[in-house]
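Report on the structure given below.
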Amino acid sequence: MAGVQQLHANPQSFVPLARLRAIRDDDENRNIESIFRKDFKTSPAPKDGRNEEVEPSPTELVARAYPGGGSARPRQPVDKNEKNAMVYVVRDAEGKLVPKFADVRYTTPRPTPPAKEEPTAGSDGMILLKIADEQNENQELEFDEASYPANYPREAIERILRNHQPRYEDVFDRTIQREPLATRVDSEGDKYLCNSILHTEYPAVVENYTIVNYNRFYQRITYETCSHVNSICSNSFTADGYQLVCQQTYRYHKLFTVQPNAEKFTQVELKFPSCCKCAHVKLG
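The opening residue of the sequence shown carries number 1 in UniProt numbering; numbering runs sequentially from there.
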(Lines of atoms letter the chains of each structure in order from A; the text may use other names.)
(Lines give C-alpha, C1' and ligand atoms only; values in the text may rest on other atoms or scores of the structure.)
Protein backbone atom coordinates (compact mmCIF):
# COMPACT_ATOMS: atom_id res chain seq x y z
CA MET A 1 0.00 0.00 0.00
CA ALA A 2 1.25 3.34 -1.02
CA GLY A 3 1.81 5.82 1.74
CA VAL A 4 1.82 3.23 4.47
CA GLN A 5 5.07 2.66 6.22
CA GLN A 6 5.57 -0.68 7.82
CA LEU A 7 7.17 -0.89 11.26
CA HIS A 8 9.41 -3.78 12.02
CA ALA A 9 9.92 -4.53 15.72
CA ASN A 10 12.87 -6.42 17.04
CA PRO A 11 11.55 -9.41 18.99
CA GLN A 12 14.34 -9.12 21.50
CA SER A 13 13.13 -5.66 22.53
CA PHE A 14 9.98 -7.09 24.16
CA VAL A 15 10.21 -7.84 27.88
CA PRO A 16 7.44 -9.36 30.02
CA LEU A 17 5.49 -6.90 32.11
CA ALA A 18 6.22 -8.88 35.30
CA ARG A 19 9.92 -8.44 34.61
CA LEU A 20 9.54 -4.68 34.18
CA ARG A 21 7.56 -4.44 37.40
CA ALA A 22 10.21 -6.43 39.27
CA ILE A 23 12.91 -4.17 37.87
CA ARG A 24 11.00 -1.12 39.06
CA ASP A 25 10.62 -2.65 42.49
CA ASP A 26 14.34 -3.39 42.63
CA ASP A 27 15.05 0.23 41.77
CA GLU A 28 12.73 1.38 44.54
CA ASN A 29 14.42 -0.91 47.03
CA ARG A 30 17.83 0.42 46.07
CA ASN A 31 16.54 3.95 46.50
CA ILE A 32 15.23 3.06 49.95
CA GLU A 33 18.61 1.59 50.86
CA SER A 34 20.49 4.69 49.74
CA ILE A 35 18.15 7.00 51.64
CA PHE A 36 17.60 5.19 54.94
CA ARG A 37 20.11 2.42 55.65
CA LYS A 38 23.19 1.61 53.67
CA ASP A 39 23.56 -1.69 55.49
CA PHE A 40 20.22 -3.14 54.33
CA LYS A 41 19.32 -4.96 51.14
CA THR A 42 16.53 -7.07 49.69
CA SER A 43 16.55 -10.83 49.89
CA PRO A 44 19.20 -12.29 47.58
CA ALA A 45 18.23 -13.87 44.25
CA PRO A 46 18.26 -17.67 43.90
CA LYS A 47 21.66 -19.15 43.11
CA ASP A 48 20.40 -22.00 40.88
CA GLY A 49 20.12 -19.73 37.85
CA ARG A 50 16.37 -19.92 37.63
CA ASN A 51 14.75 -16.61 36.87
CA GLU A 52 11.73 -16.85 39.16
CA GLU A 53 10.85 -13.33 39.87
CA VAL A 54 9.07 -12.77 43.21
CA GLU A 55 7.75 -9.40 43.97
CA PRO A 56 9.61 -8.31 47.14
CA SER A 57 8.04 -6.11 49.80
CA PRO A 58 9.96 -2.98 50.71
CA THR A 59 9.43 -3.78 54.39
CA GLU A 60 11.05 -7.20 54.14
CA LEU A 61 14.60 -5.95 54.54
CA VAL A 62 17.32 -7.99 56.15
CA ALA A 63 20.73 -7.00 57.44
CA ARG A 64 23.71 -7.45 55.15
CA ALA A 65 25.79 -10.39 56.34
CA TYR A 66 29.44 -9.87 57.16
CA PRO A 67 32.20 -12.41 57.81
CA GLY A 68 32.27 -11.50 61.49
CA GLY A 69 28.49 -11.68 61.82
CA GLY A 70 26.07 -8.96 62.70
CA SER A 71 25.93 -5.56 61.10
CA ALA A 72 28.69 -3.25 60.05
CA ARG A 73 26.99 -0.43 61.87
CA PRO A 74 27.84 -0.46 65.59
CA ARG A 75 24.90 -0.72 67.95
CA GLN A 76 24.07 2.45 69.76
CA PRO A 77 23.49 2.32 73.52
CA VAL A 78 19.96 2.71 74.72
CA ASP A 79 19.21 6.29 75.49
CA LYS A 80 18.84 7.17 79.16
CA ASN A 81 15.25 8.22 78.57
CA GLU A 82 14.56 4.88 76.90
CA LYS A 83 15.87 3.02 79.95
CA ASN A 84 13.31 4.80 82.04
CA ALA A 85 10.50 4.08 79.57
CA MET A 86 8.08 1.19 80.03
CA VAL A 87 8.44 0.05 76.38
CA TYR A 88 11.06 1.00 73.83
CA VAL A 89 12.21 -0.36 70.44
CA VAL A 90 15.59 -1.90 69.65
CA ARG A 91 17.03 -3.56 66.55
CA ASP A 92 17.94 -7.25 66.85
CA ALA A 93 20.88 -9.08 65.24
CA GLU A 94 18.94 -9.49 62.01
CA GLY A 95 18.15 -5.81 61.80
CA LYS A 96 14.48 -6.11 62.72
CA LEU A 97 12.79 -3.65 65.03
CA VAL A 98 11.48 -5.42 68.12
CA PRO A 99 9.72 -4.00 71.19
CA LYS A 100 11.61 -4.14 74.46
CA PHE A 101 9.86 -4.00 77.80
CA ALA A 102 11.67 -2.22 80.58
CA ASP A 103 12.52 -4.34 83.62
CA VAL A 104 10.85 -2.12 86.19
CA ARG A 105 11.04 -3.32 89.77
CA TYR A 106 9.15 -1.47 92.43
CA THR A 107 10.49 -2.02 95.92
CA THR A 108 9.05 -0.73 99.13
CA PRO A 109 11.64 1.39 100.90
CA ARG A 110 12.78 -0.15 104.13
CA PRO A 111 12.00 1.86 107.20
CA THR A 112 14.98 3.25 109.02
CA PRO A 113 15.50 1.20 112.18
CA PRO A 114 15.14 3.24 115.32
CA ALA A 115 18.30 4.21 117.09
CA LYS A 116 19.27 2.00 119.97
CA GLU A 117 17.99 3.51 123.18
CA GLU A 118 20.21 3.44 126.22
CA PRO A 119 18.33 1.80 129.11
CA THR A 120 17.57 4.36 131.79
CA ALA A 121 16.53 4.02 135.40
CA GLY A 122 12.85 4.33 136.19
CA SER A 123 11.24 6.40 138.88
CA ASP A 124 12.29 3.73 141.39
CA GLY A 125 15.98 4.19 140.47
CA MET A 126 16.30 0.69 138.96
CA ILE A 127 17.43 -0.63 135.57
CA LEU A 128 15.95 -4.10 135.15
CA LEU A 129 17.30 -6.72 132.77
CA LYS A 130 15.03 -8.13 130.07
CA ILE A 131 15.01 -11.75 128.96
CA ALA A 132 15.98 -12.21 125.32
CA ASP A 133 13.14 -12.96 122.90
CA GLU A 134 12.58 -16.09 120.78
CA GLN A 135 13.71 -18.63 123.33
CA ASN A 136 11.89 -21.93 123.61
CA GLU A 137 11.04 -23.71 126.80
CA ASN A 138 13.98 -26.11 126.59
CA GLN A 139 16.56 -23.41 125.94
CA GLU A 140 18.41 -21.84 128.83
CA LEU A 141 17.24 -18.28 129.31
CA GLU A 142 19.58 -15.39 128.61
CA PHE A 143 19.33 -11.66 129.05
CA ASP A 144 19.02 -9.29 126.13
CA GLU A 145 22.38 -7.55 125.79
CA ALA A 146 20.60 -4.31 124.86
CA SER A 147 19.05 -4.17 128.33
CA TYR A 148 22.47 -3.75 129.96
CA PRO A 149 23.78 -0.20 130.43
CA ALA A 150 26.57 0.74 128.03
CA ASN A 151 29.06 1.06 130.89
CA TYR A 152 28.15 -2.23 132.57
CA PRO A 153 31.50 -3.62 133.91
CA ARG A 154 31.51 -7.02 132.19
CA GLU A 155 35.31 -7.29 132.16
CA ALA A 156 35.55 -6.57 135.87
CA ILE A 157 32.95 -9.25 136.67
CA GLU A 158 34.74 -11.83 134.52
CA ARG A 159 38.09 -10.97 136.10
CA ILE A 160 36.77 -11.34 139.67
CA LEU A 161 35.06 -14.63 138.85
CA ARG A 162 38.27 -16.04 137.35
CA ASN A 163 40.19 -15.20 140.51
CA HIS A 164 37.54 -15.94 143.16
CA GLN A 165 34.88 -18.12 141.58
CA PRO A 166 34.83 -20.78 144.37
CA ARG A 167 33.96 -18.04 146.88
CA TYR A 168 30.78 -17.12 144.99
CA GLU A 169 29.62 -20.53 143.77
CA ASP A 170 26.90 -20.95 146.39
CA VAL A 171 25.65 -17.37 146.70
CA PHE A 172 24.45 -16.81 143.12
CA ASP A 173 21.73 -18.39 141.01
CA ARG A 174 23.20 -20.17 138.00
CA THR A 175 20.04 -19.99 135.85
CA ILE A 176 17.38 -17.39 135.13
CA GLN A 177 13.88 -18.08 136.37
CA ARG A 178 10.95 -16.49 134.60
CA GLU A 179 7.80 -16.17 136.65
CA PRO A 180 4.57 -14.64 135.33
CA LEU A 181 3.21 -11.52 136.94
CA ALA A 182 0.48 -12.24 139.45
CA THR A 183 -2.08 -9.96 141.00
CA ARG A 184 -2.77 -10.63 144.63
CA VAL A 185 -6.43 -10.04 145.46
CA ASP A 186 -7.91 -10.62 148.88
CA SER A 187 -11.08 -12.60 149.44
CA GLU A 188 -14.53 -11.29 148.50
CA GLY A 189 -15.19 -10.45 152.12
CA ASP A 190 -12.15 -8.20 152.11
CA LYS A 191 -12.86 -6.61 148.70
CA TYR A 192 -11.97 -3.15 149.95
CA LEU A 193 -8.42 -4.23 150.94
CA CYS A 194 -5.40 -3.53 148.76
CA ASN A 195 -4.43 -5.34 145.60
CA SER A 196 -0.76 -5.80 144.69
CA ILE A 197 1.36 -7.02 141.75
CA LEU A 198 4.06 -9.64 142.30
CA HIS A 199 7.36 -9.06 140.44
CA THR A 200 10.38 -11.29 139.87
CA GLU A 201 13.22 -9.16 138.49
CA TYR A 202 16.97 -9.17 137.87
CA PRO A 203 18.29 -5.63 138.39
CA ALA A 204 21.40 -4.25 136.70
CA VAL A 205 21.42 -0.91 138.53
CA VAL A 206 19.78 0.06 141.83
CA GLU A 207 20.32 3.47 143.44
CA ASN A 208 23.51 4.01 141.38
CA TYR A 209 24.91 0.63 142.45
CA THR A 210 25.88 -1.81 139.70
CA ILE A 211 24.39 -5.21 140.54
CA VAL A 212 26.14 -8.44 139.51
CA ASN A 213 23.78 -10.21 137.11
CA TYR A 214 25.99 -11.59 134.37
CA ASN A 215 27.59 -14.73 132.96
CA ARG A 216 25.47 -17.25 134.91
CA PHE A 217 25.94 -15.43 138.21
CA TYR A 218 22.49 -14.04 138.83
CA GLN A 219 20.67 -12.34 141.72
CA ARG A 220 16.89 -12.42 141.73
CA ILE A 221 14.60 -10.03 143.59
CA THR A 222 10.93 -10.79 144.32
CA TYR A 223 8.70 -7.98 145.55
CA GLU A 224 5.17 -6.60 145.44
CA THR A 225 3.90 -3.19 144.41
CA CYS A 226 0.54 -1.57 145.16
CA SER A 227 -1.93 -1.47 142.31
CA HIS A 228 -3.44 1.78 143.64
CA VAL A 229 -1.41 3.68 146.23
CA ASN A 230 -3.42 5.87 148.63
CA SER A 231 -6.74 4.40 147.51
CA ILE A 232 -9.41 3.72 150.14
CA CYS A 233 -9.01 0.16 151.34
CA SER A 234 -11.79 -0.10 153.94
CA ASN A 235 -14.93 1.72 155.00
CA SER A 236 -14.56 0.55 158.58
CA PHE A 237 -15.13 3.06 161.35
CA THR A 238 -12.02 5.09 162.24
CA ALA A 239 -11.31 7.88 164.64
CA ASP A 240 -12.00 11.41 163.51
CA GLY A 241 -9.29 12.73 161.22
CA TYR A 242 -8.11 9.25 160.12
CA GLN A 243 -8.82 6.89 157.22
CA LEU A 244 -7.71 3.50 155.89
CA VAL A 245 -5.70 3.73 152.61
CA CYS A 246 -3.37 1.47 150.63
CA GLN A 247 0.31 2.15 151.20
CA GLN A 248 3.49 0.65 149.78
CA THR A 249 5.84 -0.98 152.26
CA TYR A 250 9.56 -1.68 151.77
CA ARG A 251 12.25 -4.03 152.98
CA TYR A 252 16.02 -4.38 152.49
CA HIS A 253 17.74 -7.04 150.39
CA LYS A 254 21.45 -7.87 150.36
CA LEU A 255 22.97 -7.84 146.87
CA PHE A 256 26.50 -8.11 145.46
CA THR A 257 27.65 -5.01 143.60
CA VAL A 258 30.77 -4.34 141.53
CA GLN A 259 32.94 -1.39 140.55
CA PRO A 260 34.95 -1.24 137.28
CA ASN A 261 38.36 -1.43 139.01
CA ALA A 262 37.36 -3.64 141.96
CA GLU A 263 39.13 -6.89 142.84
CA LYS A 264 36.07 -8.42 144.53
CA PHE A 265 32.33 -7.97 144.83
CA THR A 266 30.86 -5.81 147.57
CA GLN A 267 27.65 -6.78 149.37
CA VAL A 268 25.26 -3.93 150.20
CA GLU A 269 21.71 -3.62 151.52
CA LEU A 270 19.27 -1.97 149.17
CA LYS A 271 15.62 -1.06 149.67
CA PHE A 272 12.95 -2.68 147.51
CA PRO A 273 9.14 -2.66 147.60
CA SER A 274 7.82 -5.41 149.82
CA CYS A 275 4.00 -5.51 149.82
CA CYS A 276 0.91 -3.33 149.80
CA LYS A 277 -0.97 -2.93 153.09
CA CYS A 278 -4.05 -1.15 154.33
CA ALA A 279 -2.79 1.48 156.75
CA HIS A 280 -4.58 3.71 159.28
CA VAL A 281 -3.32 7.18 158.42
CA LYS A 282 -4.15 10.69 159.53
CA LEU A 283 -5.89 12.95 157.07
CA GLY A 284 -4.07 15.97 155.74
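The C-beta atom is built at its ideal place from N, Cα and C for all residues, glycine as well.
Using three-state DSSP, classify residue i as helix, strand or coil.
i: TYR242; result: strand
i: residue 296; result: The requested residue 296 is not part of the displayed model; the chain covers only 1 to 284.
i: ARG251; result: strand
i: LYS277; result: strand
i: TYR168; result: helix
i: LEU161; result: helix
i: GLY284; result: coil
To which residues does DSSP link residue i through a beta bridge?
i: PHE272; result: ARG251
i: GLU201; result: ILE221
i: THR175; result: Its beta-bridge partners do not exist; DSSP assigns none.
i: THR266; result: THR257
i: THR210; result: VAL205
i: PHE237; result: Note: PHE237 sits in no beta bridge, so no partner.
i: PRO99; result: VAL89
i: LEU128; result: PRO203
Closest to residue i by CA distance: which of the options is it?
i: GLU269; options: ALA239, ILE211 and LEU97; result: ILE211
i: GLY125; options: PHE272, LYS282 and HIS280; result: PHE272
i: TYR223; options: GLY122, CYS275 and ARG154; result: CYS275
i: ILE176; options: ILE131, ALA121 and GLN259; result: ILE131
i: ALA121; options: ASN208, ARG174 and PRO111; result: ASN208
i: CYS278; options: GLU158, ASN195 and GLN259; result: ASN195
i: ASN261; options: THR200, TYR152, VAL229 and PRO99; result: TYR152
i: HIS253; options: GLU201, ALA239, GLN243 and ASP240; result: GLU201
i: CYS233; options: VAL281, LEU255 and ARG167; result: VAL281
i: SER231; options: VAL98, LEU193, ARG216 and ASN215; result: LEU193
i: PRO119; options: ALA204, ILE157 and HIS199; result: ALA204
i: PHE101; options: GLU94, PRO111 and VAL90; result: VAL90
i: LEU129; options: TYR214, SER236, GLY284 and LEU161; result: TYR214
i: LEU161; options: GLY95, ARG251, PHE217 and PRO111; result: PHE217
i: LEU283; options: VAL245, GLN267, ALA93 and TYR250; result: VAL245
i: ARG178; options: ASN163, GLU169 and LEU198; result: LEU198
i: HIS228; options: THR249, GLN219 and ASP170; result: THR249
i: LYS264; options: ALA156, SER236 and GLN247; result: ALA156
i: ILE127; options: GLN139, ASP133 and PHE143; result: PHE143
i: THR257; options: GLN219, ASP240, VAL98 and ASN235; result: GLN219
Can we count residue i as close to the ligand MG, meaning its CB is less than 7 Å from some heavy atom?
i: LYS277; result: Annotation note on the ligand MG: not contained in the displayed structure, which lists no ligands.
Inter-stretch contact (C-beta, 8 Å, three-pair minimum) for the stretch 223-239 and the stretch 146-162: no
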